[in-house]
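In what follows, a structure is listed as structure tokens, so that the remarks can point back to it.
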Amino acid sequence: MEHVAQHSDPHYDQEASKLGMWLFIFTELLLFGGLFIVYAIYRFLNPEAFQMAGHELNITIGAINTIILLVSSMTIAMSTSALQKKNKGLTVLLLEITIMLALIFLINKYFEWGVKFDHGIWPGSEHLLNDMGHGEVLFFGLYFVMTGLHALHIVIGMIIIIVALNKVQKGTVNADRPSLLENAGLYWHLVDLIWIFLFPLFYLIH
Amino acid sequence: MENEKHHIVPYKVYIYILVALVVMTFMSIGITKINLGEYSVLGAMIFATIKSVLVLTWFMHLKFDQPFLRIMVGFVILVFFAVIFITFLDYYYR
Numbered sequence: 000m001e002h003v004a005q006h007s008d009p010h011y012d013q014e015a016s017k018l019g020m021w022l023f024i025f026t027e028l029l030l031f032g033g034l035f036i037v038y039a040i041y042r043f044l045n046p047e048a049f050q051m052a053g054h055e056l057n058i059t060i061g062a063i064n065t066i067i068l069l070v071s072s073m074t075i076a077m078s079t080s081a082l083q084k085k086n087k088g089l090t091v092l093l094l095e096i097t098i099m100l101a102l103i104f105l106i107n108k109y110f111e112w113g114v115k116f117d118h119g120i121w122p123g124s125e126h127l128l129n130d131m132g133h134g135e136v137l138f139f140g141l142y143f144v145m146t147g148l149h150a151l152h153i154v155i156g157m158i159i160i161i162v163a164l165n166k167v168q169k170g171t172v173n174a175d176r177p178s179l180l181e182n183a184g185l186y187w188h189l190v191d192l193i194w195i196f197l198f199p200l201f202y203l204i205h
Numbered sequence: 000m001e002n003e004k005h006h007i008v009p010y011k012v013y014i015y016i017l018v019a020l021v022v023m024t025f026m027s028i029g030i031t032k033i034n035l036g037e038y039s040v041l042g043a044m045i046f047a048t049i050k051s052v053l054v055l056t057w058f059m060h061l062k063f064d065q066p067f068l069r070i071m072v073g074f075v076i077l078v079f080f081a082v083i084f085i086t087f088l089d090y091y092y093r
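Which chain is which? The protein sequence lines are A and B, in order. If you count the first sequence from 1, position 154 lands on 153 in numbering that gives the first Met the number 0, and the numbers rise without skipping. If you count the second sequence from 1, position 59 lands on 58 in numbering that gives the first Met the number 0, and the numbers rise without skipping.
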């Protein structure tokens with residue numbers, strides 16, 4: 000009896016858990032994919048307006064945020080390796096760095112949006128609706144919705160990573176049961192993946 | 000079996016991938032600074048595509064996962080491109 004009790008969960012299946020995460024990621028890809036199609040069509044219909052509006056965005060902040068997300072993607076990928084090598088201290092440290100980088104990304108985003116608000120640009124703002132054309136309204140609408148939805152994913156990703164971090168510290172996520180950390184990593188890479196396309200499409204229009 | 004000896008990616012591999020990703024980010028910024036007109040969008044998208052392939056294969060571990068996962072990911076991407084293609088056919092010939 001005691002022997003049986005020590006096996007915490009006989010139904011643990013790493014492959015199935017990963018498959019489930021990928022299925023969820025597919026739904027996320029199609030969610031953002033739909034928005035990318037909307038973007039592509041409106042840009043196709045309003046090329047000049049999108050180009051003009053794109054100049055309002057700060058390439059430097061966009062590039063810094065890209066680098067931050069890429070580095071954070073690396074640190075969380077490394078943390079899975081560290082967990083498999085049974086190096087708990089390094090796993091925890093790498094996850095903490097990932098969370099810090101995510102926070103810095105959001106702070107940058109806060110200032111970036113803040114500058115837009117100072118210029119009177121937000122969805123449905125008077126300046127946008129009265130002084131700008133149809134194409135600009137569409138561009139900034141998509142900009143706020145898509146980067147906003149992405150930022151929401153950053154927040155959710157941070158929460159998932161914090162949960163994974165706690166479980167690594169408690170030892171319930173370990174080298175033999177790494178699924179939660181692996182799936183948190185997959186989610187975080189998805190967030191990175193989406194930004195890889197958001198950055199050139201919104202910031203690099205010239 | 001497979002689960003017993005799970006592939007552990009060395010740290011330095013991730014560092015190489017990161018360096019490649021950062022270099023390509025700067026290259027995509029560079030290519031849009033040069034005025035190539037229509038082609039600058041294409042260039043930036045090609046870099047983004049290469050970057051996402053790197054993220055998918057190395058960071059998201061698809062290289063070491065079972066083949067059916069890669070097939071599924073490929074299929075979803077194919078479906079996505081098919082939808083883009085069909086949508087543009089509609090708009091282009093309107």
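Cβ atoms here follow ideal geometry from the backbone N, Cα and C, with glycine treated the same way.
Please list, in chain order, the chain A residues whose beta carbon lies closer than 7 Å to that of residue i.
{"i": "leucine 88 of chain B", "result": "In chain order: nothing, as chain A lies at least about 12 Å away."}
{"i": "alanine 43 of chain B", "result": "Pro199, Leu203"}
Looking at the unbroken alpha helix (DSSP H) that takes in residue i, where does it start and where does it end?
{"i": "valine 18 of chain B", "result": "10-32"}
{"i": "phenylalanine 87 of chain B", "result": "66-91"}
{"i": "lysine 115 of chain A", "result": "87-117"}
{"i": "alanine 47 of chain B", "result": "37-53"}
{"i": "asparagine 182 of chain A", "result": "178-197"}
{"i": "valine 144 of chain A", "result": "133-169"}
{"i": "glycine 32 of chain A", "result": "13-44"}
{"i": "aspartate 130 of chain A", "result": "125-130"}
{"i": "isoleucine 75 of chain A", "result": "58-83"}
Just to make sure I have the definition right: I need the residues of chain A whose C-beta is within less than 8 Å of the C-beta of residue i. Which are they?
{"i": "lysine 62 of chain B", "result": "Going along chain A, no residue has its Cβ under 8 Å from lysine 62 of chain B, so there is no contact; the nearest lies around 12 Å."}
{"i": "leucine 68 of chain B", "result": "Lys17, Leu18, Trp21"}
{"i": "valine 52 of chain B", "result": "Going along chain A, no residue has its Cβ under 8 Å from valine 52 of chain B, so there is no contact; the nearest lies around 10 Å."}
Counting only Cβ pairs nearer than 8 Å, list the residues of chain B close to residue i.
{"i": "leucine 100 of chain A", "result": "None at all; the shortest Cβ gap to chain B is about 12 Å."}
{"i": "isoleucine 40 of chain A", "result": "Thr86, Phe87, Tyr90"}
{"i": "aspartate 117 of chain A", "result": "Result: empty, since nearest Cβ-Cβ is about 25 Å, beyond 8 Å."}
{"i": "serine 80 of chain A", "result": "Ile7, Val8, Pro9, Tyr10, Tyr13"}
{"i": "histidine 10 of chain A", "result": "In chain order: nothing, as chain B lies at least about 14 Å away."}
{"i": "lysine 84 of chain A", "result": "Ile7"}
{"i": "glutamate 55 of chain A", "result": "What glutamate 55 of chain A touches in chain B: nothing, since even the nearest Cβ is about 15 Å away."}
{"i": "isoleucine 96 of chain A", "result": "Going along chain B, no residue has its Cβ under 8 Å from isoleucine 96 of chain A, so there is no contact; the nearest lies around 13 Å."}
{"i": "glutamate 111 of chain A", "result": "The contacting residues do not exist; glutamate 111 of chain A stays about 17 Å from chain B at best."}
{"i": "isoleucine 207 of chain A", "result": "Examination of residue 207 of chain A is not possible in this model, given that chain A is present from 0 through 205 alone."}
Which chain A residues are close to residue i, counting only those with a beta carbon under 9 Å from its beta carbon?
{"i": "leucine 77 of chain B", "result": "Going along chain A, no residue has its Cβ under 9 Å from leucine 77 of chain B, so there is no contact; the nearest lies around 12 Å."}
{"i": "threonine 56 of chain B", "result": "Residues of chain A passing the Cβ test: none, with the nearest at roughly 11 Å."}
{"i": "methionine 71 of chain B", "result": "Leu18, Trp21, Leu22, Phe25"}
{"i": "methionine 26 of chain B", "result": "Per Cβ cutoff of 9 Å: no residues; methionine 26 of chain B is ~11 Å from chain A at best."}
Take residue i and list the residues in its own chain whose beta-carbon comes closer than 6 Å to its own, dropping the five residues that flank it on each side.
{"i": "glycine 132 of chain A", "result": "Ala48"}
{"i": "alanine 150 of chain A", "result": "Lys108"}
{"i": "tryptophan 187 of chain A", "result": "Ile75, Gly156"}
Report the CB separation of residue i from residue j in whole angstroms; it is logged as a contact under 8 Å.
{"i": "leucine 61 of chain B", "j": "arginine 69 of chain B", "result": "5 Å"}
{"i": "valine 114 of chain A", "j": "leucine 127 of chain A", "result": "Wrong, their Cβ atoms sit about 15 Å apart, outside the cutoff."}
{"i": "isoleucine 195 of chain A", "j": "threonine 86 of chain B", "result": "About 22 Å; that fails the 8 Å criterion."}
{"i": "leucine 167 of chain A", "j": "leucine 180 of chain A", "result": "Strictly speaking, residue 167 of chain A in this sequence is valine, with leucine absent from that position. Right, their Cβ atoms sit about 6 Å apart."}
{"i": "leucine 203 of chain A", "j": "threonine 48 of chain B", "result": "Their Cβ separation, rounded to whole angstroms, is 14 Å, which puts leucine 203 of chain A and threonine 48 of chain B out of contact at 8 Å."}
{"i": "alanine 174 of chain A", "j": "lysine 85 of chain A", "result": "5 Å"}
{"i": "valine 12 of chain B", "j": "tryptophan 57 of chain B", "result": "7 Å"}
{"i": "asparagine 45 of chain A", "j": "glycine 134 of chain A", "result": "3 Å"}
{"i": "threonine 24 of chain B", "j": "alanine 39 of chain A", "result": "That pair is no contact at about 21 Å."}
{"i": "threonine 65 of chain A", "j": "phenylalanine 198 of chain A", "result": "5 Å"}
Residues of chain B with CB under 9 Å from residue i, in chain order?
{"i": "alanine 52 of chain A", "result": "None at all; the shortest Cβ gap to chain B is about 15 Å."}
{"i": "isoleucine 103 of chain A", "result": "Residues of chain B passing the Cβ test: none, with the nearest at roughly 16 Å."}
Kindly list the residues whose CB is nearer than 8 Å to the CB of residue i, restricted to its own chain and excluding five residues on each side of it in sequence; keep chain order.
{"i": "leucine 100 of chain A", "result": "Ile67, Leu68, Val70, Ser71, Thr74"}
{"i": "glutamate 125 of chain A", "result": "Gly119"}
{"i": "alanine 183 of chain A", "result": "Ile75, Gly156, Ile159, Ile160, Val162, Ala163"}
{"i": "asparagine 57 of chain A", "result": "Glu111, Val114, Tyr202"}
{"i": "serine 39 of chain B", "result": "Ile30, Thr31, Ile33"}
{"i": "leucine 93 of chain A", "result": "Thr74, Ile75, Met77, Ser78, Ala81"}
{"i": "valine 8 of chain B", "result": "Trp57, His60, Phe63"}
{"i": "threonine 97 of chain A", "result": "Ser71, Thr74, Ile75, Ser78, Ile160, Trp187"}
{"i": "valine 144 of chain A", "result": "Leu34, Pro122"}
{"i": "glycine 42 of chain B", "result": "Ser27, Ile30, Thr31, Leu35"}
{"i": "leucine 185 of chain A", "result": "Lys17, Met20, Trp21, Ile24"}
{"i": "glutamate 1 of chain B", "result": "In this prediction, glutamate 1 of chain B has a pLDDT of 44, which is less than 50 and means its spatial position is unreliable; what the coordinates show is noted afterwards. So the qualifying residues of the chain are Gln65."}
{"i": "tyrosine 41 of chain A", "result": "Phe49, Gly134, Leu137, Phe138, Leu141"}
Excluding five sequence neighbours on each side, which residues of the same chain lie with their C-beta closer than 7 Å to the C-beta of residue i?
{"i": "histidine 6 of chain B", "result": "Phe63"}
{"i": "glutamate 27 of chain A", "result": "Leu189"}
Which residues in chain B have a C-beta closer than 7 Å to the C-beta of residue i? List them in chain order.
{"i": "phenylalanine 25 of chain A", "result": "Val75"}
{"i": "glycine 32 of chain A", "result": "Phe79"}
{"i": "phenylalanine 49 of chain A", "result": "By Cβ distance, chain B contributes nothing, its closest Cβ being about 10 Å from phenylalanine 49 of chain A, past 7 Å."}
{"i": "histidine 126 of chain A", "result": "Per Cβ cutoff of 7 Å: no residues; histidine 126 of chain A is ~27 Å from chain B at best."}
Return the residues of the region 60-78 of chain A that lie within a Cβ-Cβ distance of less than 7 Å from chain B, sorted by chain order. Against chain B - using a Cβ distance shorter than 7 Å - the residues of the region 60-78 of chain A are Ala62, Thr65, Ile66, Leu69, Val70, Ser72, Met73, Ala76, Met77.
When Cβ atoms are compared, which residues of the region 8-23 of chain B fall closer than 8 Å to chain A? Hits within the stretch, in order: Val8, Pro9, Tyr10, Tyr13, Ile14, Ile16, Leu17, Leu20, Val21.
For the region 130-161 of chain A, list every residue whose C-beta sits within 7 Å of some C-beta in chain B, in sequence order. Listed by position, the residues of the region 130-161 of chain A near chain B (Cβ gap below 7 Å) amount to none.
Any residues in the region 179-200 of chain A with a beta carbon nearer than 7 Å to a beta carbon of chain B? Which ones, in chain order? Leu185, His188, Asp191, Leu192, Ile195, Phe196, Pro199
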